[in-house]
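Student:
Protein chains in written order, with my numbering: chain A, 1 to 508; chain B, 1001 to 1509.
1) Assign residue 1089 (chain B) to one of three DSSP states: helix, strand, or coil.
2) In chain order, what are the residue ranges of uninterrupted beta strand (DSSP E) at least 3 long that sit wholly in the segment 309–359 of chain A?
3) How do the segment 417–434 of chain A and the segment 457–466 of chain A stand: do at least 3 beta-carbon pairs fall below 8 Å, yes or no?
4) If the cut is a Cβ gap below 7 Å, which residues of chain A does residue 1361 (chain B) touch?
5) Can you look up residue 372 (chain A) in the DSSP assignment and give me helix, strand or coil?
6) Which residue marks the beginning of the alpha helix (DSSP H) containing residue 1405 (chain B), and which one marks its end?
7) Which residues does DSSP pair with residue 1250 (chain B) in a beta bridge?
8) Can you give me the start and stop residues for the alpha helix (DSSP H) that residue 283 (chain A) sits inside?
9) Given a limit of 7 Å on CB to CB distance, which residues of the segment 1382–1407 of chain B reach chain A?
10) Considering only residues of the same chain and omitting the five flanking positions on each side of residue 1412 (chain B), which have a CB-CB separation below 8 Å?
11) DSSP three-state call for residue 54 (chain A): helix, strand or coil?
12) In its own chain, which residues sit with a C-beta less than 7 Å from the C-beta of residue 184 (chain A), not counting the 5 before and 5 after it?
13) Nearest by alpha-carbon distance to residue 1261 (chain B): which of B:1248, B:1164, B:1272 and B:1273 is it?
14) According to DSSP, residue 1322 (chain B) sits in a beta bridge with which residue or residues?
15) Would you list the residues sitting across from residue 22 (chain A) in a DSSP beta bridge?
16) Starting from residue 1167 (chain B) and walking both ways along the alpha helix (DSSP H), at which residues does that stretch end?
17) DSSP three-state label for residue 1195 (chain B), please.
18) Over what stretch of residues does the beta strand (DSSP E) that includes residue 288 (chain A) continue unbroken?
19) Under 7 Å between C-beta atoms, does residue 1026 (chain B) make it to chain A?
20) Find out if the Cβ-Cβ distance for the pair residue 1453 (chain B), residue 1477 (chain B) is shorter than 7 Å.
21) What's the call for residue 1143 (chain B), buried or exposed, on a 16-neighbour Cβ count within 10 Å?
22) Which residues mark the beginning and the end of the alpha helix (DSSP H) in which residue 1438 (chain B) is found?
23) Looking at the secondary structure, which residues open and close the beta strand (DSSP E) in which residue 427 (chain A) lies?
24) Which residues in the same chain have their Cβ closer than 7 Å to the Cβ of residue 324 (chain A), if we skip the five residues on either side of it in sequence?
25) Taking the beta strand (DSSP E) that residue 118 (chain A) belongs to, which residues open and close that run?
26) Hey, how far is the Cα of residue 1136 (chain B) from the Cα of residue 356 (chain A)?
27) Look up residue 43 (chain A) in the DSSP assignment and give the residues it is bridged to.
28) Using a beta-carbon distance cut-off of less than 8 Å, what residues from the segment 1340–1374 of chain B approach chain A?
29) Can you find the residues in the same chain that come closer than 6 Å, C-beta to C-beta, to residue 67 (chain A), ignoring five residues on each side of it along the sequence?
30) If you drop the 5 nearest sequence neighbours on each side, which residues of the same chain put their C-beta closer than 8 Å to that of residue 512 (chain A)?
31) Please list, in chain order, the residues of the segment 1428–1461 of chain B that have any C-beta partner in chain A closer than 8 Å.
32) Mind pulling the chain B residues with CB within less than 8 Å of residue 349 (chain A)?
33) Where does residue 1416 (chain B) sit, in a helix, a strand or coil, going by DSSP?
34) Between residue 1163 (chain B) and the rest of its own chain, which residues show a CB-CB distance below 6 Å, the 5 nearest in sequence each way excluded?
35) If I follow the unbroken beta strand (DSSP E) through residue 169 (chain A), where does it start and stop?
36) Which two residues bound the contiguous beta strand (DSSP E) that contains residue 79 (chain A)?
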């Protein structure tokens, strides 16, 4: 392994130079003459909306895709990575968003799998040492699945870093971490930076970029917008550059007015299931948007799943549109006009290998039963209608949903439920992992649906979103309703909610 | 321009097909002339032996004269068959003229020259025989391709065609057939056998013999699309056969409790319905274990795979019944629409399943559950019902397959009926382009896969490879087919095509 550059980290020097990178996919130019320079010993944020070309650029660098034009210089020498394995041997390590480890192997084995070291004692000792460097005091002989997502994430970083790498690429490493864990990760990143490693950091969290990065490169629609020092532009300018539109306009959203005498859509009394949900009572009016706030595991998702029938409640009653219903399985809920966008889009939402058209028509078709099929013409009409209405970015309805970006996948799932014309729409983290522009669009759609008389339950970890759109907010804690706040909301609301979550005090 | 290409394909196909039919007709006419002239008839095998295979003309002449003068013609089975005149204009006229002079010529001792020499030479007959074997299948294939393209209205995209597994399956099949053709130029030839009213030839035989696997494959495709496998199909074939034969021979009034075998006590429809019903229930049992108890399909179906043959033994008290009941014979050995009945049954089932799957939303639901069961459930799809239907259908289809099998041998064989059918069915599904991990499936691909497997078997038998080595040889060819279909190979070929198309497009601009 050549280690020529490690010593010269004092003066800024480009460890990696990518010039004029072009990448053509059938029908789309994914990258169009993009330049990217990375210095040794810096954390360089790579920014852009979904589909801007970040991932493609990374894939060109790591050998997953092969560039059509342009040059890549590593330490001044031209390289053409042919596969991720090949890139690793050149010193380019990548940690992907999804954890690519074996849950049934031990932590130590995971770190050393594929290396030349086999002796259990040695790898355990080395792994322990490595994890201590990451300030994690864990038992490396336990299987990986024993530990939380955050620890698993750390292990995958440890695995990547342990291979003597010059460049570390972190693709959305923080999306499943909580605040403390993020700080832990940042500490490690700073250490690696001090050791002279060049780190490429991809994330959707703008705060984190300002907290840790030195420079940033912004891409839009496959083109380079520019590379800036971190102090050079503020957050608002950054978003404007990313989206190409003004941020003020994008987020100019307001809750919809609900009539006083609007009929009830949902009335849930004392819902409960052993474990996650203790006792929840809810009431919702037609056209109302109810926000759920609370920490992960506070029972937000679980409550939604009880209403939708994904899990069966052991106690309590549900009334929909004034009629008592028994919801044993999702199908029952769908037949009663309930729709549910699940939290984990990939696991519970999309059907990856089916086309956009099929994904959109799935719930409508399930409602009708398979013996009463929608004709192909009806399906096409449905798909085209929602592709247009939700401005889903795709050449046609026959593209596989798995090939779309996260934001567009979310829109397709939304379309699936809009097509069933629900009375109650439950959205669990609909904006997670998607870019700023798409987030705003999804929120706008949500509010439009409220205007059309659909009641919406909106669950999100991003409190600003919840406060911006909701008529009422339910604050959840430990599987119980800790408080219910009624709008209009002001700048104080967020701290109030945080206080409720932290203290458990009853408010308003 | 693209549309034109489809039309050209269709027209070319029709022309080739017509040429093949002309050859076919002229051969039929030729035979009829022989039959009509001498009141003796030749089985197709001996007809081919005398006229078509590589005898020189002198030898043919001697064979023919000897046969006619000895007055036996050929096999006794065909001897009673009355010759029927067909409407092939040129030839029948010639035949008419010939019949009048024939007796005289026969007595003169040179029947060959009189009958054959007057309107066709053996070499041209031989050419016609071989040409029809090439024209008929090629023409049919072209016509089919043209029709499918026109009906689908999709523009031709060579890159995506090259990427498809089915394309490679078809190419593999054609390659094997071409090898057969090179070694035996009349391999594709098809002839009409008046004795049992059906067409006869290697291609027909391949399709006929692949019927059992194709039928089971229809169910297996969907089982695999759901991400499972059904190992019990072979055992169900045995159960179905055992039940059918038991019922056919069962006679409670007879002291032996048994009919002699040429009639049934119970209505024939019952004899067919009971095995099918039992197989359907066994399929439902599989479905319940998998859908409701969440057992892994491979484990759940292992139960019936192991116990099924035992059940078949119990049903028949370990006996092997035989039967002569002719309606039953029709299922596996009869003819329907000039084709062997199993082909027609298979065609009806394939079309029926395709319509059920693609004209309702059932296929999409199966794919959806196979790709992502969680998402499907949350979209309101009742995956348990889907699993139940798919396994029950597979059971029923195995039952039908079992009836065909036992009708072919007119007997039940609990040990060997449907032996290794599960592996053959799985293999044909996989060759047909459906992934073992579940998801998207192709019924048409499975049909092709099953035909490929049978082609290989025929190929192996045909070239006299020792019986002990057949399995190894079969495995070898299948390995080649599967390598051809491997993802990297297909992607590489598709990329090549794409690049060429791009280069062409660039040149055009």
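Even glycine gets a Cβ: it sits at the ideal position worked out from N, Cα and C. Computed from a predicted structure; not experimentally measured.
Tutor: Well, looking at it:
1) Walking along the second chain from the start, residue 1089 (chain B) turns up at place 89. Low per-residue confidence applies at residue 1089 (chain B): pLDDT is 39, beneath 50, and the placement is therefore not dependable, though the value from the model is reported in the following sentence. In this structure, residue 1089 (chain B) counts as helix in the three-state DSSP scheme.
2) 315–320, 323–325 and 338–341
3) yes
4) Start at 1 with the first residue of the second chain, and residue 1361 (chain B) comes out as number 361. Ordered by position in chain A, the residues that pass the 7 Å Cβ test against residue 1361 (chain B) are 365, 370 and 373.
5) As a working mapping, residue 372 (chain A) is identified with position 372 in the first chain. Three-state result, residue 372 (chain A): coil.
6) Position 405 of the second chain, counted from the first residue, corresponds to residue 1405 (chain B). Segment 1383–1409, the alpha helix (DSSP H) holding residue 1405 (chain B).
7) For the purposes of this step, residue 1250 (chain B) is identified with residue 250 of the second chain, where counting begins at 1. For residue 1250 (chain B), which the question treats as bridged, DSSP gives the partners B:1258.
8) Translated into positions along the first chain, residue 283 (chain A) becomes position 283. It is not in any alpha helix (DSSP H) - residue 283 (chain A) instead sits in the beta strand (DSSP E) that spans 277–285.
9) 1382
10) The residue given as residue 1412 (chain B) occupies position 412 in the second chain. Result list for residue 1412 (chain B): 1238, 1241, 1242, 1244, 1245, 1246, 1312, 1316, 1320, 1321 and 1406, in chain order.
11) By 1-based counting over the first chain, the position of residue 54 (chain A) is 54. The answer is helix: DSSP assigns residue 54 (chain A) an H, G or I state.
12) Position 184 of the first chain, counting from 1, holds the residue named residue 184 (chain A). Here the set comprises 135.
13) Here residue 1261 (chain B) corresponds to residue number 261 of the second chain, with the count starting at 1. Nearest of B:1248, B:1164, B:1272 and B:1273 to residue 1261 (chain B), Cα basis: B:1248.
14) To locate residue 1322 (chain B), count along the second chain from 1; it is residue 322. Note: residue 1322 (chain B) sits in a beta bridge opposite B:1411.
15) For the purposes of this step, residue 22 (chain A) is identified with residue 22 of the first chain, where counting begins at 1. A:32 and A:69, per the DSSP bridge assignment.
16) Residue mapping note: residue 1167 (chain B) aligns to position 167 of the second chain, counting from 1. Run containing residue 1167 (chain B): 1165–1183, per the alpha helix (DSSP H) assignment.
17) By 1-based counting over the second chain, the position of residue 1195 (chain B) is 195. Note: residue 1195 (chain B) maps to helix in three-state DSSP.
18) Looking up residue 288 (chain A) in the first chain gives position 288. Run containing residue 288 (chain A): none; DSSP gives neither H nor E here.
19) Along the second chain, read from residue 1 onward, the residue named residue 1026 (chain B) stands at position 26. No, because no Cβ of chain A sits closer than 7 Å to the Cβ of residue 1026 (chain B).
20) As a working note, residue 1453 (chain B) is residue 453 in the second chain. As a working note, residue 1477 (chain B) is residue 477 in the second chain. Not a contact, by the Cβ cut-off of 7 Å.
21) For the purposes of this step, residue 1143 (chain B) is taken as the residue at position 143 of the second chain. By the neighbour-count rule (16 or more Cβ atoms within 10 Å), residue 1143 (chain B) is buried.
22) Counting from one through the second chain, the residue named residue 1438 (chain B) turns up at place 438. Careful: residue 1438 (chain B) lies outside any alpha helix (DSSP H) and carries neither H nor E.
23) Mapped onto the first chain, residue 427 (chain A) falls at position 427. From DSSP, the beta strand (DSSP E) with residue 427 (chain A) extends over 424–428.
24) Your numbering for residue 324 (chain A) matches position 324 in the first chain. 317.
25) As a first step, residue 118 (chain A) is located in the first chain; it is residue number 118 there, counting from the start. Counting along the chain, residue 118 (chain A) falls outside any beta strand (DSSP E), and DSSP gives it neither H nor E.
26) What you label residue 1136 (chain B) is simply residue 136 of the second chain in a count that begins at 1. What you label residue 356 (chain A) is simply residue 356 of the first chain in a count that begins at 1. Each residue's Cα considered, the two are about 41 Å apart.
27) Within the first chain, numbered from 1, the residue matching residue 43 (chain A) stands at position 43. The partner list for residue 43 (chain A) (beta bridge, DSSP) reads A:199.
28) 1359, 1360, 1361, 1362, 1364, 1365, 1367, 1368, 1371, 1372 and 1374
29) What you label residue 67 (chain A) is simply residue 67 of the first chain in a count that begins at 1. Hits under 6 Å: 21, 23 and 60.
30) Nothing about residue 512 (chain A) can be read from this structure; chain A reaches only from 1 to 508.
31) 1439 and 1440
32) Taking the first residue of the first chain as position 1, residue 349 (chain A) is located at position 349. By Cβ distance, chain B contributes 1375 and 1378.
33) For the purposes of this step, residue 1416 (chain B) is identified with residue 416 of the second chain, where counting begins at 1. Correct three-state label for residue 1416 (chain B): coil.
34) For the purposes of this step, residue 1163 (chain B) is taken as the residue at position 163 of the second chain. Excluding positions up to five away in sequence, the list reads 1490 and 1494.
35) Residue numbering aside, residue 169 (chain A) sits at position 169 when the first chain is read from its first letter. Element bounds for residue 169 (chain A): 167–171.
36) Taking the first residue of the first chain as position 1, residue 79 (chain A) is located at position 79. From DSSP, residue 79 (chain A) is part of no beta strand (DSSP E); its letter is neither H nor E.
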